[in-house]
Amino acid sequence: MKILLLGKNGQVGWELQRSLAPLGELIALDRHSSQFCGDLTNLAGLAATVRAIRPDVIVNAAAYTAVDKAESEPELASTINAHAPEVLAREAAQIGAWLVHYSTDYVFDGGGSAPWVESDPTGPLSAYGSSKLEGERLIAQGCTRHLIFRTSWVYAARGGNFAKTMLRLAQERERLTVINDQMGAPSGADLLADTTAQVIRQVRLRDAQSESIAGIYHLVASGETTWFEYAKHVLGQAKLLQPAIQMKATEILPVPTSAFPTPAKRPHNSRLNTNKLQRTFGLTMPHWQAGVNRMLAEIL
Ligand SMILES: NC(=O)C1=CN([C@@H]2O[C@H](COP(=O)(O)OP(=O)(O)OC[C@H]3O[C@@H](n4cnc5c(N)ncnc54)[C@H](OP(=O)(O)O)[C@@H]3O)[C@@H](O)[C@H]2O)C=CC1
Ligand SMILES: Cc1cn([C@H]2C[C@H](O)[C@@H](COP(=O)(O)OP(=O)(O)O[C@H]3O[C@@H](C)C(=O)[C@@H](O)[C@H]3O)O2)c(=O)[nH]c1=O
Ligand SMILES: [Mg+2]
């Protein structure tokens, strides 16, 4: 099997380089790759890459992920998050390849308190969320053989994320204020990458019947928390792992969303129900704290 990976140096892309390696020949690109174009703003270059490589599976881990910045450059976000995936879907369909892609809890409006299922109505609150939703739609339209994993609150030992921001801010500031009315599940890039490899393997083994399992799957760690509880957990765990760690912050203050204004609006309810994924592929999602603790042990 030949796999084309885009966005190889992002949080998820980096872990995919590891998890996809044993499945076959892996061609991993980033936006600076020279032999083949891996730049998602270059739509013609991207199509040429797929035509030249003719992979069996395309895994797209590249994305525009700067949520607040997307509010002031929605067109760039939409090129990278919607129109590049559209090109990948069209090219994948031409050669009978599978397209694996990632989407987000931010496609939902955050109403209610029940974990969202895949068929629930969407209603993005931000330019980032809209661009990701448009990407989902264009992929489903362009290529039957697609798998879209909606995930949330991604962290990894390598790359930038909320947990690392909290560690840094706790060393710089005396007081942190963190939102306590947005609920979700921090999900490790390693879990996403390992699950992706498991699913690709099953899709390949099921061969003829596999098109019926194409579609959207919610993929997050189990359990739920708020950004505030998550931050508290990270800082508490850091103290345990490294008792000598210097922290200026003596206080973490829980605040409502209204007290922490940001350019992009974010959902209150980001819970995602993973039953479909677990049932279809016989997988069990571990608790978010296990993965976060492991990541912290790695970086501290
Ligand atoms: N991070 C999160 O909390 C969440 C992420 N997701 C989704 O999961 C997927 C993976 O996200 P994650 O790994 O966390 O994101 P990262 O921001 O860590 O990685 C995204 C990667 O995309 C690359 N990229 C950006 N623009 C381009 C471009 N024009 N051409 C090629 N590559 C580009 C970036 O490269 P460079 O470093 O050069 O900019 C970066 O390596 C994305 O689809 C994202 O929407 C879903 C829910 C939560
Ligand atoms: C830095 C900071 C953030 N916050 C809030 C803002 C926001 O609601 C939340 C998380 O902040 P971030 O900037 O990490 O959030 P954000 O970049 O919106 O994280 C999102 O990224 C995209 C790519 C996704 O797809 C989502 O699943 C989600 O992970 O915490 C505080 O309350 N206090 C703080 O000091
Ligand atoms: Mg962010």
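Going by the working numbering, the first residue of the sequence shown is number -17, and it counts up by one from there.
Glycine is no exception: its CB is placed at the ideal position from the N, C-alpha and C atoms.
- The region 108 to 187 is shown to contain whole alpha helix (DSSP H) runs of 4 or more residues at 109 to 124 and 144 to 154, in chain order.
- Collapsing the DSSP output to three states places Asn255 in coil.
- In summary, Glu154 is exposed, with fewer than 16 beta-carbon neighbours lying within 10 Å of its beta-carbon over all protein chains present.
- Nearest to Phe210 by C-alpha distance, out of Lys230, Pro245, Gln191 and Thr147, is Thr147.
- DSSP places Leu(-13) outside any alpha helix (DSSP H); the residue lies instead in the beta strand (DSSP E), whose first and last residues are Lys(-16) to Leu(-12).
- In this structure, the CA atom of Asp189 is about 32 Å from the CA atom of Ala138.
- Short note on Tyr46: C-beta closer than 7 Å to some heavy atom of ligand 1.
- The beta carbons of Ala52 and Gly(-8) sit no closer together than 8 Å.
- Taking a contact as a CB-CB distance under 8 Å, the pair Asp38 and Ala79 counts as one, their CB atoms being some 6 Å apart.
- Taking C-beta separations shorter than 6 Å and ignoring five residues to either side along the sequence, the partners of Phe242 in its chain run Ile161, following chain order.
- Restricting attention to Tyr88, Gln224 and Pro67, the CA atom closest to the CA of Arg119 is found in Pro67.
- Contact check for Leu217 against Ile195 fails: the beta carbons are separated by 8 Å or more.
- As DSSP reads the structure, Glu233 sits in a beta bridge with Arg157.
- Taking C-beta atoms as the reference points, Leu173 and Gly264 fail to come closer than 8 Å.
- Note that the C-beta distance between Ala203 and Trp98 is not below 8 Å.
- Remark: the C-beta of Arg248 is in contact range of ligand 2, defined as less than 7 Å to any heavy atom.
- Annotation: Asn255 to Ala34 spans about 38 Å, alpha carbon to alpha carbon.
- Glu73 and Ile121 have their C-alpha atoms some 11 Å from each other.
- The C-alpha of Gln224 is placed about 14 Å away from the C-alpha of Arg150.
- Going by beta carbons, Arg0 and Ala171 fall outside the 8 Å limit.
- With a cut-off of 7 Å, the C-beta of Phe144 is classified as near ligand 2, since at least one heavy atom of the ligand falls inside that distance.
- If you keep only unbroken alpha helix (DSSP H) runs of at least 4 residues inside the region 35 to 78, you get 49 to 52, 56 to 60 and 66 to 77.
- Straight through space, the alpha carbons of Arg127 and Arg186 are spaced by roughly 11 Å.
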